[in-house]
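In terms of the working numbering, the sequence shown is numbered consecutively and its last residue is 1070.
Report on the structure given below.
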Amino acid sequence: MSRPPDAPVATGPAERRAALARYGILDTPPEQDFDDAVALAAQLCAAPTALVSLVTEDRQWFKARLGFDASETGLDRSVCSHTLGLTDVLVIPDLAADARTRANPLVTGAKGMRFYAGAPLITPEGVAIGALCVLDTAPRPEGLSPAQAAGLAALARSVMTTFALRRAALSRRAEIAALAESELRLRLAVEATGIGTFDYDFAAGSLRWDGRTRALFGVGPDAPVSYEGSFLPGLHPEDRARADAAVRAALDPDGSGLFDCEYRTVARDGALLHRVAARGALVREGGRAIRFVGTVRDVTAERAAQGALAATEERLRLATRATNDAIWDWDLVTDHVLWNEALEDAYGWAPETVEPTGGWWLERVHPEDRARVEADIRGVIDRGGDDWRHEYRFRRADGSYAEVFDRGSMVRGPHGEPLRMIGAMLDLTERNRVAAQLRAVFEGANVGIVQIDPRTLVALEVNAKLCAIWGAEEADILGHSVAKWTPAEDAEERDRLHRRLAAGEIMRETLEKRYRRKDGRLIWGRVNLVSQVNGDGLLITAMIEDITEEKRLEARQRALIELGDRLRDAADTAEVSGIAAEILGKTLGLSRAGYTAIETGAGRFRIERDRTDGTVASLAGTHPLDMVAATVARLRRGEVLVVADIAADPGLAPDRGSYAEHRIRAQIKVPLLRRGELVGLLFAHAAAPRAWEAGEVGFVREVAERVWAALARLQAEEQQRVLNRELSHRLKNTLTMAQAIASQTLRNVTDVRSVKEALVARLVALGKAHDILLSGEGEEGAGLEAVLAGALAIHDDGEPDRIRLSGPPIEVGPKAALSLSLMIHELATNAAKYGAFSVPGGRVAVEWTIEDGSGPDALVRMIWTERGGPPVTVPTRKGFGSRLIERGLSGAVGGETRTDYAPDGVVCRITAPLEGLLEKE
């Protein structure tokens, strides 16, 4: 029975002494379960020291310890005593700064302990007897994470559960001994359960699962995951709503922010995968939830073990009662049998229905077992035997059969004559059922399991999963030393481990090591190694998980990080190519790797640098595209080329000669397309046929994306340098133009106000000309019509046909656009003062044409025509505006301007070479 979390805790020494006495735990030898608890606590909290501490009236004694030499200390050195009376984990970030502990010798002494976290050990009766704690020699201002604190508290509860089981075991040793091997198998079968993590980032809207979590949900390592698309569909339908409600409650701003739920996961076809225990916490920052993180643990085997343990405890309870066995006393002289009450309790036979003879018993033995059992017991009786034992099926009162183990001892007379046999019949039905379940767990486990003789390293038992991992038959493993599966280059490390096993060391370790499969391929395995006492010897069990792909993925991730770091500093294309070739070739073990620049116009491709493994020649240099024309054709379609054997690919038949010449048999090629044109590719070559794995193809594509990004960065930097030079040039031109306008406007000044207005208007026109240029969406220059419209915009009062522009589209260059804009501005200003724009109804038309085609001699003719204005008179003098009109284009593009002051309206004719107008500087 569990204790309510808010129940009061008793801390008195008398109560504590009585509780410890009930457990009978003080001053007992070390036990593996408690050693496991401190090891797991130290690992969970990343602490060098962990203890299971029991506090008495005058000392604290350590049932288990890690990183601490003494088996007990006085209370003056106890920090765990401060947990007495608490229900939650006690965390002291800095022992030297806390008034309760700063003078403690553990803090001031040579050890110099500075950090402490302890979860109280509380009995079901509410008595605090000690703590499960971790210590560190460095302070931790941040204390423990929520997951660590929760894990430490869970471990403390597990320790108390182990105490309880141990206490119960004191009165049940006989049955425990009988069932020890079954329980040990169950325990070993559920070892090495890993912990997975999940992390939901609210800002990014992304959910991340580690490899263990993905495995529990049956999701591949590269598959995207989401709450609605992966988590909820992956739950058993009966658990889905409950788990969803638990998550939403944890995310509720007014809630506790904690998530604790157990659920079942299912495959896409609905098949049950795992039973999972999940815990999580909402991470807040500045009052705002930023992440939801937690752990998941596969408790499938644990729950199965708990069920089996419950059945075992029930059988153990019955075994401690004298009536558990059906005790019988058979008088062989009179053929009279006496049974105790257990015959009715265990098998349902009421005393009044039982005939007290040996024949009644024999008739209830299963017909298939009867002859064998009768012959066996008669042989012991008649041939002078002393003891008889047999397993058979015995019919219960309800007609069903129990699997029983029956044993009896003979009582003989002075001359050896049989007088009676006294025995007991034990029901093995449930034990045999559990044993069958354990065998099924062993055979069906999703990790490889092998049991080993620690002295000879010979495999005693192996499951099908390990045979699959090593690519071997069971006969290849059983009866042979497991040492042969370790590659020769790892022999020293292997032998060091095997010496420890042969020496009888009790081990509980997780390690990663390499194996060589039967087909010669090297793989990586994560090994959970457990050695435990089994009678007079040791039982060694290794649980092996194939992590080859995980290792490859780690290597590729490291390679991508290195690639990103090095490409960030690359200064040119050649360096980018060399870095990519080196990392790609080294990571995938390629014969050749590199980057190719495609020069379609020249009909060639260029490799500045590549990387080879020394078995093939470098391809650095320039080569004709038609050398691999069929390959190029496929790449131009944007196809990522993945070829396991070029000789077997009919689409590459035209290129086989070139590939054979350069010893290329398998390849991956990722094209770089810009505006639909093939401009480059990243290649990976193998000199022999190679079945490319999806992870390898994905890695090449990842490298290609980073290379493309680096090349784009270099191109952007070069474009920026060009733009900077262009901006400097434009700025100088603008300043020169502004200087000329100011100089000409201020020359021969007679009226300051009018000069000011003219200067401002001309500079505004210059600014508008720049606006037109900048509206060209990245191309240099602007449309002729846009330049004219911009210069005349302030004079367009909305009256129909006030301004009319017509002519073919011409894209004028920056220099011509500025000059033309200023010239039209001056013409419009004069029209506003004296001409068509000065009166309602006045009209201005600007028309242009292109003569002599589009060759170097082509001319643009433009006519400015005013109509509907006041009568025109020829001006008596020419100011800057008039000179700007006459000379505006001549200096810029070599054009000519002629103005006629006809009485009915001014006509300005402009002639300029088309080539000059189009010039882009």
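Glycine included, every Cβ here is placed at the ideal spot set by N, Cα and C.
All of these numbers come straight from a predicted model, not from anything done at the bench.
**Message:** Once the 5 residues before and after residue 1007 are set aside, which same chain residues still bring their CB inside 8 Å of it?
**Reply:** Residue numbering aside, residue 1007 sits at position 858 when the sequence shown is read from its first letter. Excluding sequence positions up to five before and after residue 1007, its CB lies within less than 8 Å of the CB of 999, 1000, 1001, 1062, 1063, 1064, all in the same chain and listed in chain order.
**Prompt:** How would you write the range of the alpha helix (DSSP H) that residue 509 sits in, first residue to last?
**Reply:** Position 360 of the sequence shown, counted from the start, is the residue given in the question as residue 509. Boundaries of the alpha helix (DSSP H) harbouring residue 509: 507-512, taken from the DSSP string.
**Minimum C-alpha distance to residue 734 - residue among 620, 767, 720, 721** = Looking up residue 734 in the sequence shown gives position 585. Out of 620, 767, 720, 721, 767 has the C-alpha closest to the C-alpha of residue 734.
**Item:** Backbone CA spacing between residue 384 and residue 165 [nearest angstrom]
**Value:** Residue 384 sits at position 235 when you count from the first residue of the sequence shown. Residue 165 sits at position 16 when you count from the first residue of the sequence shown. Rounded to whole angstroms, residue 384 to residue 165 spans 44 Å at the Cα level.
**Request:** Assign residue 485 to buried or exposed, taking buried as 16 or more other Cβ atoms, counted over all protein chains shown, within 10 Å of its Cβ.
**Result:** The sequence position of residue 485 within the sequence shown is 336, counting from 1. Residue 485 sits exposed, since fewer than 16 C-beta atoms from the chains shown fall within 10 Å of its C-beta.
**Prompt:** Can you give the beta carbon distance from residue 198 to residue 216, rounded, assuming they're within the 8 Å contact cut?
**Reply:** Here residue 198 corresponds to residue number 49 of the sequence shown, with the count starting at 1. Here residue 216 corresponds to residue number 67 of the sequence shown, with the count starting at 1. At roughly 4 Å, the Cβ-Cβ gap stays under 8 Å, so residue 198 and residue 216 are in contact.
**Prompt:** CA-CA distance, residue 98 and residue 724?
**Reply:** There is simply no residue 98 to check, as the chain begins at 150 and stops at 1070 in what is shown.
**Item:** First through last residue of the alpha helix (DSSP H) which encompasses residue 366
**Value:** On the sequence shown, position 217 is the one that residue 366 refers to. Counting along the chain, the alpha helix (DSSP H) containing residue 366 begins and ends at 360-366.
**Request:** For the beta strand (DSSP E) containing residue 211, list its first residue and its last residue.
**Result:** As a working note, residue 211 is residue 62 in the sequence shown. Unbroken beta strand (DSSP E) run through residue 211: 208-215.
**Request:** Leaving out five residues on either side along the sequence, give the residues of the same chain with a beta carbon under 6 Å from the beta carbon of residue 626.
**Result:** Position 477 of the sequence shown holds residue 626. Once the five neighbours on either side are set aside, the close Cβ partners of residue 626 are 608, 611.
**Asked** Assuming residue 287 and residue 312 make a contact with CB atoms under 8 Å, what is their CB distance in whole Å?
**Response** Along the sequence shown, read from residue 1 onward, the residue named residue 287 stands at position 138. Along the sequence shown, read from residue 1 onward, the residue named residue 312 stands at position 163. Distance from residue 287 to residue 312 at the Cβ level is roughly 31 Å; contact not present, criterion being Cβ atoms closer than 8 Å.
**Item:** Residues of its chain near residue 230, where Cβ-Cβ distance is below 8 Å and the 5 sequence neighbours each way are ignored
**Value:** Stepping through the sequence shown from its first residue, residue 230 is reached at position 81. The answer, listed in chain order, is 204, 209, 224.
**Message:** Quick check on this structure: which residue in 991, 246, 691 has the alpha carbon closest to the alpha carbon of residue 1053?
**Reply:** Numbered from 1 along the sequence shown, position 904 holds the residue referred to as residue 1053. Comparing Cα positions, the closest option is 991.
**Prompt:** What's the gap between the Cα of residue 1014 and the Cα of residue 873?
**Reply:** Taking the sequence shown and counting its residues from 1, one reaches residue 1014 at position 865. Taking the sequence shown and counting its residues from 1, one reaches residue 873 at position 724. Approximately 41 Å between the Cα atoms of the pair.
**Item:** Cα-Cα separation, residue 945 to residue 1016
**Value:** As a position in the sequence shown, residue 945 is number 796, starting the count at 1. As a position in the sequence shown, residue 1016 is number 867, starting the count at 1. Residue 945 and residue 1016: Cα-Cα distance of roughly 15 Å.
**Request:** Using DSSP bridges, identify the partner residues of residue 570.
**Result:** Reading the sequence shown from its first residue, position 421 is the one you call residue 570. DSSP, once it has assigned bridges, lists 479, 559 as partnering residue 570.
**Prompt:** Does the beta-carbon distance from residue 445 to residue 416 come in below 7 Å?
**Reply:** Taking the sequence shown and counting its residues from 1, one reaches residue 445 at position 296. Taking the sequence shown and counting its residues from 1, one reaches residue 416 at position 267. Not in contact: residue 445 and residue 416 (Cβ atoms no closer than 7 Å).
**Asked** Using a Cβ-Cβ distance under 7 Å, would residue 559 count as near chain B?
**Response** In summary, chain B is missing from the structure at hand, where a single protein chain is found.
**Message:** Using 7 Å as the threshold, is the C-beta distance between residue 678 and residue 698 below it?
**Reply:** Your numbering for residue 678 matches position 529 in the sequence shown. Your numbering for residue 698 matches position 549 in the sequence shown. With respect to residue 698, residue 678 sits apart: the two C-beta atoms are not nearer than 7 Å.
**Inter-residue CB distance, residue 757 and residue 807 (contact presumed, cutoff 8 Å)** = Looking up residue 757 in the sequence shown gives position 608. Looking up residue 807 in the sequence shown gives position 658. Going by Cβ atoms, the distance from residue 757 to residue 807 rounds to 20 Å, so no, they are not a contact pair.
**Helix, strand or coil at residue 370 [DSSP, three-state]** = The residue labelled residue 370 in the question sits at position 221 within the sequence shown. Three-state result, residue 370: coil.
**Enclosing alpha helix (DSSP H) for residue 808 [first to last residue]** = On the sequence shown, position 659 is the one that residue 808 refers to. Per DSSP, the continuous alpha helix (DSSP H) segment holding residue 808 begins and ends at 805-810.
**Asked** When the Cβ atoms of the segment 818-831 are set against those of the segment 743-755, are three or more pairs found closer than 8 Å?
**Response** Cβ pair count under 8 Å is three or more, so yes.
**Prompt:** From residue 751 to residue 771, what distance separates their C-alpha atoms?
**Reply:** For the purposes of this step, residue 751 is identified with residue 602 of the sequence shown, where counting begins at 1. For the purposes of this step, residue 771 is identified with residue 622 of the sequence shown, where counting begins at 1. Spanning the two alpha carbons is a distance of roughly 11 Å.
**Asked** Can residue 424 and residue 452 be called in contact, C-beta distance under 7 Å?
**Response** Taking the first residue of the sequence shown as 1, we reach residue 424 at position 275. Taking the first residue of the sequence shown as 1, we reach residue 452 at position 303. Between residue 424 and residue 452, the C-beta gap is smaller than 7 Å, which places the two residues in contact.
**residue 520 versus residue 422 - alpha carbon distance** = As a position in the sequence shown, residue 520 is number 371, starting the count at 1. As a position in the sequence shown, residue 422 is number 273, starting the count at 1. Residue 520 and residue 422: Cα-Cα distance of roughly 46 Å.
**Item:** Under 7 Å between C-beta atoms of residue 233 and residue 262
**Value:** Position 84 of the sequence shown, counted from the first residue, corresponds to residue 233. Position 113 of the sequence shown, counted from the first residue, corresponds to residue 262. Taking the C-beta atoms as reference points, residue 262 is found no nearer than 7 Å to residue 233.
**Request:** Determine the direct distance from the alpha carbon of residue 650 to that of residue 442, and round the result to whole angstroms.
**Result:** The sequence position of residue 442 within the sequence shown is 293, counting from 1. The sequence position of residue 650 within the sequence shown is 501, counting from 1. Approximately 39 Å between the Cα atoms of the pair.
**Option nearest residue 978 by Cα separation, candidates 906, 299, 950** = To locate residue 978, count along the sequence shown from 1; it is residue 829. Selection 906, 299, 950 evaluated against residue 978 yields 906 as nearest (Cα-Cα).
**Prompt:** Okay, do the segment 571-578 and the segment 620-638 touch, 3+ Cβ pairs below 8 Å being the bar?
**Reply:** Contact annotation: the segment 571-578 does not touch the segment 620-638, with fewer than three C-beta pairs closer than 8 Å.
**Item:** Spatially closest choice to residue 980 from 994, 596, 869, 656, by CA coordinates
**Value:** For this step, residue 980 is matched to residue 831 along the sequence shown. Per the Cα distances, 994.
**Request:** Could I get the ranges of all uninterrupted alpha helix (DSSP H) runs contained in the segment 219-265, with 4 residues as the minimum, in chain order?
**Result:** For secondary structure counted as the alpha helix (DSSP H) over 4 or more consecutive residues, the segment 219-265 holds these complete runs in sequence order: 254-257.
**residue 293, DSSP secondary structure in three states** = Within the sequence shown, numbered from 1, the residue matching residue 293 stands at position 144. Coil, per DSSP.
**Prompt:** If residue 961 and residue 1012 are in contact, beta carbons under 8 Å, what's the gap, nearest whole angstrom?
**Reply:** Position 812 of the sequence shown, counted from the start, is the residue given in the question as residue 961. Position 863 of the sequence shown, counted from the start, is the residue given in the question as residue 1012. Contact between residue 961 and residue 1012 does not hold, since their C-beta atoms are separated by about 17 Å, which reaches or exceeds 8 Å.
**Prompt:** residue 838 and residue 815: beta carbons closer than 7 Å?
**Reply:** Taking the sequence shown and counting its residues from 1, one reaches residue 838 at position 689. Taking the sequence shown and counting its residues from 1, one reaches residue 815 at position 666. Yes. Within cutoff.
**Request:** Return the chain-ordered list of same chain residues with a C-beta closer than 6 Å to the C-beta of residue 316, the five sequence neighbours on each side being excluded.
**Result:** Taking the first residue of the sequence shown as position 1, residue 316 is located at position 167. The beta carbon of residue 316 sits closer than 6 Å to those of 172, all from its chain and outside the five residues before and after it, given in chain order.
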